[in-house]
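Chemist:
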Amino acid sequence: MKESNSIFKDKNILKRAIKDSFVKLSPKAQKENPVMFIVYISSIITTILYFLALGGIKDNSPSFILGIAILLWFTVLFANFAEAIAEGRGKAQADALRSAKKEVLANKIPSIKEVTNITKVNSTDLKKGDIVIVSTGEQIPADGEVIDGAASVDESAITGESAPVIRESGGDRSAVTGGTTVISDFIVIRISSNPGEGFMDKMIEMVEGASRKKTPNEKALEILLVSLTIIFLIVTAALYTYSHFIATEAGEINNTSITSLIALLVCLAPTTIGALLSAIGIAGMSRLNQANVLAMSGRAIEAAGDVDILMLDKTGTITLGNRKASEFIPVDGVDALELADAAQLSSLADETPEGRSIVVLAKEEFGIRGRDIKDMNLSFVEFSAKTRMSGVDFNGNEIRKGASDTIKNYILEKGGSFSKECEDVVMNIANTGGTPLVVAKNGKVLGVIHLKDIVKQGVKEKFADLRKMGIKTIMITGDNPLTAAAIAAEAGVDDFLAEATPEGKLNMIKDFQKKGHLVAMTGDGTNDAPALAQADVAVAMNTGTQAAKEAGNMVDLDSSPTKLIDIVRIGKQLLMTRGALTTFSIANDIAKYFAIIPPLFIGLYPELNKLNIMGLSSPESAIFSAVIYNALIIIALIPLALKGVKYREVPASKLLSRNLLVYGLGGLVSPFIAIKIIDLIITALGIV
Numbered sequence: 019m020k021e022s023n024s025i026f027k028d029k030n031i032l033k034r035a036i037k038d039s040f041v042k043l044s045p046k047a048q049k050e051n052p053v054m055f056i057v058y059i060s061s062i063i064t065t066i067l068y069f070l071a072l073g074g075i076k077d078n079s080p081s082f083i084l085g086i087a088i089l090l091w092f093t094v095l096f097a098n099f100a101e102a103i104a105e106g107r108g109k110a111q112a113d114a115l116r117s118a119k120k121e122v123l124a125n126k127i128p129s130i131k132e133v134t135n136i137t138k139v140n141s142t143d144l145k146k147g148d149i150v151i152v153s154t155g156e157q158i159p160a161d162g163e164v165i166d167g168a169a170s171v172d173e174s175a176i177t178g179e180s181a182p183v184i185r186e187s188g189g190d191r192s193a194v195t196g197g198t199t200v201i202s203d204f205i206v207i208r209i210s211s212n213p214g215e216g217f218m219d220k221m222i223e224m225v226e227g228a229s230r231k232k233t234p235n236e237k238a239l240e241i242l243l244v245s246l247t248i249i250f251l252i253v254t255a256a257l258y259t260y261s262h263f264i265a266t267e268a269g270e271i272n273n274t275s276i277t278s279l280i281a282l283l284v285c286l287a288p289t290t291i292g293a294l295l296s297a298i299g300i301a302g303m304s305r306l307n308q309a310n311v312l313a314m315s316g317r318a319i320e321a322a323g324d325v326d327i328l329m330l331d332k333t334g335t336i337t338l339g340n341r342k343a344s345e346f347i348p349v350d351g352v353d354a355l356e357l358a359d360a361a362q363l364s365s366l367a368d369e370t371p372e373g374r375s376i377v378v379l380a381k382e383e384f385g386i387r388g389r390d391i392k393d394m395n396l397s398f399v400e401f402s403a404k405t406r407m408s409g410v411d412f413n414g415n416e417i418r419k420g421a422s423d424t425i426k427n428y429i430l431e432k433g434g435s436f437s438k439e440c441e442d443v444v445m446n447i448a449n450t451g452g453t454p455l456v457v458a459k460n461g462k463v464l465g466v467i468h469l470k471d472i473v474k475q476g477v478k479e480k481f482a483d484l485r486k487m488g489i490k491t492i493m494i495t496g497d498n499p500l501t502a503a504a505i506a507a508e509a510g511v512d513d514f515l516a517e518a519t520p521e522g523k524l525n526m527i528k529d530f531q532k533k534g535h536l537v538a539m540t541g542d543g544t545n546d547a548p549a550l551a552q553a554d555v556a557v558a559m560n561t562g563t564q565a566a567k568e569a570g571n572m573v574d575l576d577s578s579p580t581k582l583i584d585i586v587r588i589g590k591q592l593l594m595t596r597g598a599l600t601t602f603s604i605a606n607d608i609a610k611y612f613a614i615i616p617p618l619f620i621g622l623y624p625e626l627n628k629l630n631i632m633g634l635s636s637p638e639s640a641i642f643s644a645v646i647y648n649a650l651i652i653i654a655l656i657p658l659a660l661k662g663v664k665y666r667e668v669p670a671s672k673l674l675s676r677n678l679l680v681y682g683l684g685g686l687v688s689p690f691i692a693i694k695i696i697d698l699i700i701t702a703l704g705i706v
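Just so we're aligned: 481 in this note's numbering is position 463 of the sequence shown, and the numbers increase by one with no gaps anywhere.
See below:
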């Protein structure tokens, strides 16, 4: 209960919720909840009946009518309070985000080639496609893609994480968010959103609930609740007509008042779940926000509760994303120092994380320091999709590094040979999940650089938890099957798809969906966007590209693949909470039926006294007790609606059985006990 209690302890949230409870009394706000709208109308009618009773037109005693009217208004206010307190945290988060979002002056430039031609403009005037340059200490004015440079960026305003992150052009870490701050170097950004449409704006809308729409499951349950309420409304109206007819036939006075029947309607209608339904959905969204995940729709949270297939992009999701040089392995009698020297020379102009790691490894293992490139007359050969290798030419020497098959073809064309020893080293590295990078000099193989994918900590244990939930995990990667198999084994996933293309990922998701599965996918790259758009639950990494974020229906601000565990748990918890409180509410109605019906009609049918199993004092005390309980149970269940039913990693059938026992039986028994206690108290106090 720690989470929900913290809301009640926050005085600002509490004050705002109490105020909003009265603001929500407007007819426009009440119409959003059809079940509680019936209670709202009932409150107005009983209030009118009270003033009519004061004027001599008595439906019942004025004090009885006034008591029922006050209790019904409190029932409405408590329902409003449940929704308002659920919205409270979101509104507080929205206020904090608004304070972080400031209008700043941006350095707008005509193009990437004209970085000195700067025009100062307000950040609110920037449009999609504009180009800006942001330097150390400056705030990024709007969402965009880094198209030149690399910088450390403080994203704590969004993620809450104080450690800076690297944002650079090219690759899957190029997206930046408006409101974050560059703390070193500079970057050139192409703006990707118009004013008011940025990531921060979407966050504010979602966390405060301004754009929250009812989910399909929520709408379906609401239709059921409205249908039950209409049935009880018809039954209640028929009871009044029937009791009036029977009393006339028997020559007696009809003691069944409109006020009593209104109280009966409110108590029999599913007001408990009707009052808490909206709060459950808002609280589920809020719990997701607390986990640093931004959901673009409530539907995605519900779908997360039902997923049974999880597809994970390897790079940046299961692994850290940057392969790191871990070892120089010379072959054919070559000295390790010669291999390290050649590898470092070929990587001096390589600004990729892999290239920088090769330079660092050579420096750490062999003490090879940076050298004067000008004196060596170096001519660097950049990597291209056509050659699939990079390198350097200097003083008649030619060094190349690349994938084994590429270097093998290159050497054979030069008239050289690719030894069995080198092939064995390449195979061993691939079998252990690494990436082999072969280095050759002047047509001769020197050796292999072992680039290692670093699996993120804790993923294996988390995937084991997913397995307990009945969720199958599939790793998606462009690596060869041997490398993919080794990484899959280390990470503990159930299956993998190697050499995956964007079309391959998309088709795999479609195939699973055709078989009736709900598929969740996480990804961070532009090549993941088609699959993310197809998936039922699509979680884009915040460190990923803008295309991935736009394709997903959730964004993980912490960029952790293990976060999906929390997302699935929150989704399941949301569905369970809604189901548990619906069961409790309907079971409550059965108990309240026995509390009100027998005492209410005992004057016309004395034999109904046998059904007064609670032994309630009088019809008035029975009605009062039931209406008081009906109002108080809403307040009592607010903490559970906000915190959610505890989720256990057991099969769904066991969870269902347990919840039916706890909330079904509990909902049946608790009103009998509570209503009897209330009846004894109000009778002893002489209230009725």
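Beta carbons are placed, not taken as given, at the ideal position from N, Cα and C, and that holds for glycine. Remember, predicted model here, so these are calculated numbers, not experimental data.
1) If we require 3 or more residues per run, which beta strand (DSSP E) segments fall completely within the region 539-586?
2) Please name the residue or residues paired with residue 345 in a DSSP beta bridge.
3) When the distance is taken between beta carbons, is residue 598 closer than 7 Å to residue 665?
4) Thinking just about the alpha-carbon of each residue, which of 195, 106, 370, 445 is nearest to the one in residue 303?
5) Within the region 283-343, note down every full alpha helix (DSSP H) run reaching 4 residues or more, in order along the chain.
6) On the three-state DSSP scale, how would you describe residue 166?
7) Measuring only the C-alpha atoms, how far is residue 549 from residue 248?
8) Near residue 564, what residues of its chain come up, given a Cβ to Cβ distance below 6 Å and the 5 sequence neighbours on each side ignored?
9) Taking DSSP's pairing of strands, which residues face residue 407 in a bridge?
10) Checking 7 Å against the spacing of the C-beta atoms, do residue 518 and residue 494 come in under that value?
11) Would you tell me roughly how many angstroms separate the C-alpha atoms of residue 374 and residue 348, rounded to the nearest one?
12) So residue 195 and residue 161 are supposed to be a Cβ contact under 8 Å. How far apart are they, rounded?
13) Three or more C-beta pairs closer than 8 Å, one from the region 530-548 and one from the region 569-585: is that the case here?
14) Determine the DSSP secondary structure at residue 140, reduced to helix, strand or coil.
15) Excluding five sequence neighbours on each side, which residues of the same chain lie with their C-beta closer than 6 Å to the C-beta of residue 489?
16) Is residue 770 helix, strand or coil by DSSP?
17) Name the two residues that bound the continuous beta strand (DSSP E) containing residue 123.
18) In whole angstroms, what is the alpha-carbon distance linking residue 484 and residue 583?
19) For residue 229, does the three-state DSSP call read helix, strand or coil?
20) Please list the terminal residues of the continuous beta strand (DSSP E) segment that includes residue 663.
21) Check residue 491 in the structure and name its three-state DSSP category.
22) Compare the C-alpha of residue 727 against each of 406, 413, 555, 435 and name the closest.
23) At which residues does the beta strand (DSSP E) containing residue 453 begin and terminate?
24) To the nearest angstrom, how far is the alpha carbon of residue 94 from that of residue 293?
25) So, for residue 524: in the same chain, excluding its five sequence neighbours on each side, which residues have a beta-carbon less than 7 Å away from its beta-carbon?
26) List the whole-angstrom C-beta distance separating residue 589 from residue 319, where the pair is believed to meet the contact cut-off of C-beta under 8 Å.
27) If you drop the 5 nearest sequence neighbours on each side, which residues of the same chain put their C-beta closer than 6 Å to that of residue 199?
28) Does the region 252-263 come close enough to the region 64-82 that 3 or more CB-CB pairs lie under 8 Å?
29) What separation, rounded to the nearest whole angstrom, lies between the Cα atoms of residue 20 and residue 689?
30) How many whole angstroms separate the CB atoms of residue 557 and residue 574, which I take to be in contact at a CB cut-off of 8 Å?
31) Determine the burial state of residue 616: buried for a count of at least 16 other Cβ atoms within 10 Å of its Cβ, exposed for fewer.
32) With a 10 Å radius around its C-beta and 16 neighbouring C-beta atoms as the bar for buried, classify residue 10 as buried or exposed.
33) Cutting at 7 Å between CB atoms, please list the residues of its own chain near residue 229, excluding the five before and the five after it.
34) Under DSSP, the beta strand (DSSP E) around residue 152 begins and ends at which residues?
35) Would you tell me roughly how many angstroms separate the C-alpha atoms of residue 618 and residue 607, rounded to the nearest one?
36) Exposed or buried, residue 623, counting other C-beta atoms within 10 Å across all chains shown (16 or more means buried)?
Modeler: On the basis of the data shown:
1) The region 539-586 contains these whole beta strand (DSSP E) runs: 555-559, 572-574.
2) 468
3) Against a cut-off of 7 Å, the Cβ pair of residue 598 and residue 665 comes out as no contact.
4) 106
5) 289-308, 316-322
6) strand
7) 44 Å
8) 163, 193, 210
9) 420
10) Taking 7 Å as the Cβ cut-off, residue 518 and residue 494 qualify as a contacting pair.
11) 20 Å
12) 6 Å
13) yes
14) Here residue 140 sits in strand by DSSP.
15) 326, 328
16) Lying before the first or after the last residue shown, residue 770 is absent from the chain, which here runs from 19 to 706.
17) 123-127
18) 7 Å
19) Residue confidence for residue 229 is low, a pLDDT of 48 falling below 50, so the modelled location carries little weight; the figure read from the coordinates is stated next. Note: residue 229 maps to coil in three-state DSSP.
20) It is not in any beta strand (DSSP E) - residue 663 carries neither H nor E in the DSSP assignment.
21) The answer is strand: DSSP assigns residue 491 an E or B state.
22) Examination of residue 727 is not possible in this model, given that the chain is present from 19 through 706 alone.
23) 453-459
24) 8 Å
25) Closer than 7 Å at Cβ, skipping near neighbours: 548, 549, 552.
26) 5 Å
27) 157, 172
28) no
29) Since pLDDT at residue 20 reaches only 41, below the 50 mark, its modelled position is unreliable, and no value is offered.
30) About 5 Å separates the CB atoms of residue 557 and residue 574; that is less than 8 Å, so the two are in contact.
31) buried
32) Residue 10 is absent from the structure shown; the chain starts at 19 and stops at 706.
33) Bear in mind that a pLDDT of 48 at residue 229, under 50, signals an unreliable position, so the model cannot answer this.
34) 149-152
35) 16 Å
36) exposed
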